[in-house]
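A.B. asks: So the mapping is simple: this note's numbering equals the position in the sequence shown, first residue as 1, plus 2.
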Amino acid sequence: MQKRKMKATKIILFFVLMTGMSICLNGQNASTASFEFQAYPTGIIPGISADLKLNKASFFHVRLGANIFDHRDLGVQETEEGSGFGFSLGYRRFFSSDNPRWRWGLKTDLWLNEVDWTNGANTSSPNAGRTEITVLQPTAELAYVWDLGGFILAPNIAFGFEWNVQTDGEPTGEGAILLLGIQVGKKL
């Protein structure tokens, strides 16, 4: 557990350092600070993010968030419930800088999750445990952005893959993922 706390501290420090460097290099010119929410069939991901302007149509994306899930019987074990936190690094670009409405993006999330699982819950000798996983989740997204003066509203859809790159305990679910989300942000 202590090793996990050290890893979490390093991830938060890395996120803060990357965000700070990006803001300094960028001068906060037309960047956006946002609340983001994504939902997928077995969970939700709330988070705070920043889109840091690289040029007229491109942004560097960073996010710090939580991953809360209930895989039910869709994972490796009969039931899998868990949560964790992590961060995202990515790139977002408008299809046209003259009409910035449709935006595509690529990002990778890194999640530090704990999963409580059970097998045979309805038997006389159920088997249960906890697994700690480090998840790498690359995704591609498509969004439509409404510019509301100093604010933006951007519903989005994303598709990617969850890959358990480190597992401490029994294996748990991983695979393709489809996410629906919303970004509500303030231009800086």
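Virtual Cβ for every residue (Gly too), placed ideally from N, Cα, C.
Near Glu83, what residues of its chain come up, given a Cβ to Cβ distance below 6 Å and the 5 sequence neighbours on each side ignored?
C.D. replies: Along the sequence shown, read from residue 1 onward, the residue named residue 83 stands at position 81. For Glu83, where only same-chain residues beyond five positions count, the Cβ hits under 6 Å are Asp72 and Asp118.
A.B. asks: Give the DSSP-derived three-state secondary structure of Asn28 in the structure shown.
C.D. replies: By 1-based counting over the sequence shown, the position of residue 28 is 26. Note on Asn28: pLDDT 46, under 50, position unreliable in the model; no value is reported.
A.B. asks: Are there 16 or more other CB atoms within 10 angstroms of the CB of Gln168, so buried, or fewer, so exposed?
C.D. replies: Position 166 of the sequence shown holds residue 168. When all chains shown are included, Gln168 counts as exposed.
A.B. asks: Between which two residues does the beta strand (DSSP E) harbouring Gln139 extend?
C.D. replies: Along the sequence shown, one-based indexing puts residue 139 at 137. That run of the beta strand (DSSP E) goes Asn129 to Tyr146.
A.B. asks: Are the CB atoms of Asn69 and Gly86 within a distance shorter than 8 Å?
C.D. replies: Translated into the one-based positions of the sequence shown, residue 86 becomes position 84. Translated into the one-based positions of the sequence shown, residue 69 becomes position 67. Contact flag set, yes.
A.B. asks: Classify Asn101 as buried or exposed, calling it buried when 16 or more other Cβ atoms lie within 10 Å of its own Cβ.
C.D. replies: For the purposes of this step, residue 101 is taken as the residue at position 99 of the sequence shown. Exposed is the call here.
A.B. asks: Below 7 Å, is the gap between the Cβ of Ala178 and the nearest heavy atom of the ligand FAD?
C.D. replies: The model depicted lacks the ligand FAD and carries no ligand whatsoever.
A.B. asks: Would you check if the distance between the CB atom of Arg105 and the CB atom of Val64 is smaller than 8 Å?
C.D. replies: In the sequence shown, counting from the first residue as 1, residue 105 sits at position 103. In the sequence shown, counting from the first residue as 1, residue 64 sits at position 62. No. Outside cutoff.
A.B. asks: Any idea if Ile179 is buried or exposed, counting beta-carbon neighbours within 10 angstroms, 16 or more meaning buried?
C.D. replies: One-based indexing of the sequence shown puts residue 179 at position 177. So Ile179 counts as buried.
A.B. asks: Report the three-state DSSP secondary structure of Asn166 (helix, strand or coil).
C.D. replies: As a working mapping, residue 166 is identified with position 164 in the sequence shown. Strand at Asn166.
A.B. asks: Got a sec? Which residues, its chain only, sit under 8 Å from Ala41 by beta carbon, not counting five neighbours each side?
C.D. replies: Your numbering for residue 41 matches position 39 in the sequence shown. Answer for Ala41: Ile47, Leu181, Leu182 and Gly183, listed in chain order.
A.B. asks: Any contact of the stretch 122–132 with the stretch 160–167, i.e. 3+ C-beta pairs under 8 Å?
C.D. replies: Taking 8 Å as the limit for Cβ pairs, the verdict is that the stretch 160–167 does not touch the stretch 122–132.
A.B. asks: Considering only the beta carbon of each residue, do Ser33 and Leu190 sit closer than 8 Å?
C.D. replies: Here the question's residue 33 lines up with position 31 in the sequence shown. Here the question's residue 190 lines up with position 188 in the sequence shown. Yes, Cβ-Cβ distance for Ser33 and Leu190 is below 8 Å.
A.B. asks: Using the beta-carbon count (16 or more within 10 Å), is Arg94 buried or exposed?
C.D. replies: Counting from one through the sequence shown, the residue named residue 94 turns up at place 92. Classification of Arg94: buried, given that the 10 Å Cβ count is 16 or more.
A.B. asks: State the DSSP-derived secondary structure class of His63, mapped to helix, strand or coil.
C.D. replies: Position 61 of the sequence shown, counting from 1, holds the residue named residue 63. It is a strand residue.
A.B. asks: Considering only the beta carbon of each residue, do Leu114 and Thr141 sit closer than 8 Å?
C.D. replies: Your numbering for residue 114 matches position 112 in the sequence shown. Your numbering for residue 141 matches position 139 in the sequence shown. Cβ distance not < 8 Å, so Leu114 and Thr141 don't count as in contact.
A.B. asks: Under the DSSP definition of a beta bridge, which residues are partnered with Glu82?
C.D. replies: Within the sequence shown, numbered from 1, the residue matching residue 82 stands at position 80. Answer by DSSP bridge pairing, in chain order: Trp119.
A.B. asks: When the distance is taken between beta carbons, is Phe153 closer than 8 Å to Gly187?
C.D. replies: As a position in the sequence shown, residue 187 is number 185, starting the count at 1. As a position in the sequence shown, residue 153 is number 151, starting the count at 1. In this structure, Phe153 lies closer than 8 Å to Gly187 by Cβ.
A.B. asks: How would you write the range of the beta strand (DSSP E) that Gly183 sits in, first residue to last?
C.D. replies: Translated into the one-based positions of the sequence shown, residue 183 becomes position 181. Looking at the DSSP string, the run of the beta strand (DSSP E) that includes Gly183 is Gly177 to Lys189.
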